[in-house]
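Let me begin by presenting the structure, written as structure tokens, before commenting on it.
2 protein chains.
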Amino acid sequence: MQNRNSMNLTDAPDTSGFIQRSNSLSGSVYDAIFAQLMSLKIAPGSRITVDNLVRELNVSQTPIREALGRLEGEGLVVKTHLIGYSAAPQIARRRFDELYQLRLLLEPDSAARAAAAMDKEKLAALQTAAGMMGRREDTDERLRYSTFARQDALFHDKIMEIAGNELIRETLNHQHTHFHIFRLMFHSRVTEEALDEHEALLAAFAAGDAAGAERAMRIHLERSRDRLLPAFE
Amino acid sequence: MQNRNSMNLTDAPDTSGFIQRSNSLSGSVYDAIFAQLMSLKIAPGSRITVDNLVRELNVSQTPIREALGRLEGEGLVVKTHLIGYSAAPQIARRRFDELYQLRLLLEPDSAARAAAAMDKEKLAALQTAAGMMGRREDTDERLRYSTFARQDALFHDKIMEIAGNELIRETLNHQHTHFHIFRLMFHSRVTEEALDEHEALLAAFAAGDAAGAERAMRIHLERSRDRLLPAFE
DNA sequence: CGATATAAAATCCTATAGGATATAGTATTG
DNA sequence: CAATACTATATCCTATAGGATTTTATATCG
Numbered sequence: 009m010q011n012r013n014s015m016n017l018t019d020a021p022d023t024s025g026f027i028q029r030s031n032s033l034s035g036s037v038y039d040a041i042f043a044q045l046m047s048l049k050i051a052p053g054s055r056i057t058v059d060n061l062v063r064e065l066n067v068s069q070t071p072i073r074e075a076l077g078r079l080e081g082e083g084l085v086v087k088t089h090l091i092g093y094s095a096a097p098q099i100a101r102r103r104f105d106e107l108y109q110l111r112l113l114l115e116p117d118s119a120a121r122a123a124a125a126m127d128k129e130k131l132a133a134l135q136t137a138a139g140m141m142g143r144r145e146d147t148d149e150r151l152r153y154s155t156f157a158r159q160d161a162l163f164h165d166k167i168m169e170i171a172g173n174e175l176i177r178e179t180l181n182h183q184h185t186h187f188h189i190f191r192l193m194f195h196s197r198v199t200e201e202a203l204d205e206h207e208a209l210l211a212a213f214a215a216g217d218a219a220g221a222e223r224a225m226r227i228h229l230e231r232s233r234d235r236l237l238p239a240f241e
Numbered sequence: 009m010q011n012r013n014s015m016n017l018t019d020a021p022d023t024s025g026f027i028q029r030s031n032s033l034s035g036s037v038y039d040a041i042f043a044q045l046m047s048l049k050i051a052p053g054s055r056i057t058v059d060n061l062v063r064e065l066n067v068s069q070t071p072i073r074e075a076l077g078r079l080e081g082e083g084l085v086v087k088t089h090l091i092g093y094s095a096a097p098q099i100a101r102r103r104f105d106e107l108y109q110l111r112l113l114l115e116p117d118s119a120a121r122a123a124a125a126m127d128k129e130k131l132a133a134l135q136t137a138a139g140m141m142g143r144r145e146d147t148d149e150r151l152r153y154s155t156f157a158r159q160d161a162l163f164h165d166k167i168m169e170i171a172g173n174e175l176i177r178e179t180l181n182h183q184h185t186h187f188h189i190f191r192l193m194f195h196s197r198v199t200e201e202a203l204d205e206h207e208a209l210l211a212a213f214a215a216g217d218a219a220g221a222e223r224a225m226r227i228h229l230e231r232s233r234d235r236l237l238p239a240f241e
């Protein structure tokens, strides 16, 4: 019964045929903690004790410290000397504004570049990513929004990929990691409008209209921002 | 004689009067490795063995792993399972282009915002930061460029600070960390021109000319890019 | 002479143990 | 009853030791 509550840290089934264990233990620990942060199992601002992780993950302290250090480098956890680690605090109003300011500087331009580089198969991939959001089967409101948020991120990321600047893509993905947590905390049901805005974006992409895509992305971001703004009231 | 080559990891003299040791050991180790990366004492792409660090810093493995994990999260080192850590590889041409593309999207806009928010004391602080670069006393070419690079970064950072978007500021600083290493590898002596461009920026700031500051920043960045481009030949 | 196989060294990786510090709870005293 | 001092627990922090894997060197064989 010793492991009754311990997490499963084993790797994914190895389909490649290679024998080597692909992940280091510290890497697996990192994944586990990361997942807990993303799923809000660890709430923003709450403390993260390494002893608890030792018991929960059934691993020694060293790999946990290594993983927590990595998360600290990414800004997802903060460390205070002789106090310990804790999850990064909830995003504040100010940072929220800053984030959308950043997105508005980067993403419309990238949308224009993506439109210019568009071809048939890229467009198809985009439509697929956008189309998956159309499903409205989930009954659980929270779960539904969770999946929408993930797929919206995928859609935007796909555009960044086509735009071709990996650095900008990584930068936005990094920030999105924080943003994702925020959205999950205040999941509002205003997702239908976003789907229409994605449609407008797709139309511009299909037409290869760079200026139109840039405009559509700008409008989409501004509306997205305004939809989430009430969360701070 | 055991410690004849060990680094000094002690904290700065405590002038605040507080008794507590401000930095954790892993934090001091982080600073030490970070400094070695910035000063090119550890070359880009070269391996970083933790055993060597144990001997050099006279510290056990655990805090070193924690620090290396943090550096990995920041992208300054990479880890390969069962191989170990190594310094991030030299910046490639492609990423160089991407970086300047990112800067051109963010910094001119921030320059405009900074110009709009300018006042007497902020301007004075900027002029101080820019003025320090005027000194051309150093005889050692390499050292001179090293100090110029650092102060150029400070000047740009000061502008970002005045612009008011902390997120953008952090993003650029983060990237600059990588960029700094690149510049040190290919220190060219084309710093004089940059000083003139900074003068143009300061003039726009002094006049509170947002559009002018934006234009000046754009020109400065494009020229800076073109000056460094030959490094890839 | 080149290639393969074996052995040794270096290095990574993980676990355990003990000292140091902060936090929480309890008791004592004015 | 409130405030302070003290104790105990929890937690962080660091060091040491040993197993696992890769890399390097050496020797043997074709």
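Protein sequence lines correspond, in order, to chains A and B.
With the first sequence counted from 1, adding 8 to any position gets you my numbering.
With the second sequence counted from 1, adding 8 to any position gets you my numbering.
Every residue gets a Cβ at the ideal spot worked out from N, C-alpha and C, and that includes glycine.
Contact check, residue i vs residue j under 8 angstroms by CB: the rounded distance?
i, j, result
"A:S94", "A:I56", "6 angstroms"
"A:T155", "B:T179", "With a Cβ gap of about 28 angstroms, A:T155 and B:T179 do not count as contacting."
"A:L48", "A:L229", "Not really, about 24 angstroms apart at Cβ, beyond 8 angstroms."
"A:I176", "B:E106", "7 angstroms"
"B:R78", "A:G81", "4 angstroms"
"B:I72", "B:V58", "5 angstroms"
"B:H186", "B:I50", "Contact doesn't hold; Cβ gap of about 14 angstroms is too wide."
"B:E201", "B:R231", "7 angstroms"
"A:Y38", "A:A75", "4 angstroms"
"B:R191", "B:A157", "5 angstroms"
"B:I170", "B:K130", "5 angstroms"
"B:V67", "B:L33", "6 angstroms"
"B:T88", "A:T70", "At roughly 18 angstroms, the Cβ-Cβ gap does not stay under 8 angstroms, so B:T88 and A:T70 are not in contact."
What residues of chain A sit near residue i, judged by a beta carbon separation below 9 angstroms?
i, result
"B:R73", "S34, T70, P71, R73, E74 and G77"
Kindly list, in the order they appear in chain B, the residues whose Cβ is closer than 9 angstroms to that of residue i.
i, result
"A:G135", "Contrary to the premise, residue 135 of chain A reads as Gln rather than Gly in this sequence. What A:Q135 touches in chain B: nothing, since even the nearest Cβ is about 27 angstroms away."
"A:I176", "E106, Q109, L110 and L113"
"A:R103", "E174 and L175"
"A:T179", "L110, T179, H182 and Q183"
"A:H188", "Those within 9 angstroms of A:H188 in chain B number zero; the least Cβ separation is about 16 angstroms."
So which residues on chain A does residue i lean against when the C-beta distance must stay under 8 angstroms?
i, result
"B:N173", "E106, Q109 and L110"
Identify the continuous alpha helix (DSSP H) that holds residue i and give its terminal residues.
i, result
"A:V58", "V58 to L65"
"A:K128", "K128 to G139"
"B:L114", "R101 to A124"
"B:Q98", "Counting along the chain, B:Q98 falls outside any alpha helix (DSSP H), and DSSP gives it neither H nor E."
"B:P71", "Q69 to G81"
"B:S34", "L33 to M46"
"B:E200", "E200 to A214"
"A:E244", "Absent from the model: residue 244 of chain A. The displayed extent of chain A is 9 to 241, so no value can be given."
Mind listing the chain B neighbours of residue i? Cutoff is C-beta to C-beta under 7 angstroms, in chain order.
i, result
"A:L210", "None at all; the shortest Cβ gap to chain B is about 24 angstroms."
"A:H228", "None at all; the shortest Cβ gap to chain B is about 18 angstroms."
"A:H206", "In chain order: nothing, as chain B lies at least about 23 angstroms away."
Can you name, in chain order, every residue of its own chain whose Cβ lies under 7 angstroms from the Cβ of residue i, other than the five neighbours on each side?
i, result
"A:L210", "L134, Q135 and A138"
"A:M15", "The predicted model places A:M15 with a pLDDT of 47, which falls under 50 and marks its position as unreliable, so this point remains unresolved."
"B:G172", "R121 and A125"
"A:A123", "A212, F213, G216, D217, A218 and A221"
"A:P97", "P52 and G53"
"B:K166", "A133, L134 and A137"
"A:E241", "none"
Which stretch, first to last residue, makes up the beta strand (DSSP E) that contains residue i?
i, result
"A:S94", "G92 to A95"
"A:T3", "Residue 3 of chain A lies beyond the residue range present for chain A, which begins at 9 and ends at 241; the question has no answer from this structure."
"B:T88", "V85 to T88"
Listing by chain order, which chain A residues have their CB less than 7 angstroms from the CB of residue i?
i, result
"B:T155", "None at all; the shortest Cβ gap to chain A is about 27 angstroms."
"B:L113", "L113, L114 and D117"
"B:D80", "Per the sequence presented here, residue 80 of chain B reads as Glu, with Asp not at that position. Near B:E80 (Cβ distances below 7 angstroms), the residues of chain A are R78 and G81."
"B:H164", "Neighbours of B:H164 on chain A: none; closest Cβ ~16 angstroms, over 7 angstroms."
If I measure Cβ to Cβ from residue i and keep anything under 8 angstroms in the same chain, skipping five residues before and after, which residues do I get?
i, result
"A:I227", "E205 and A208"
"A:G92", "R55, I56, T57 and V58"
Which same chain residues, not among the five before or five after residue i, have their C-beta less than 6 angstroms away from its C-beta?
i, result
"A:L236", "none"
"B:M225", "E115, P116 and A119"
"A:A161", "H184"
"B:F163", "A137 and A138"
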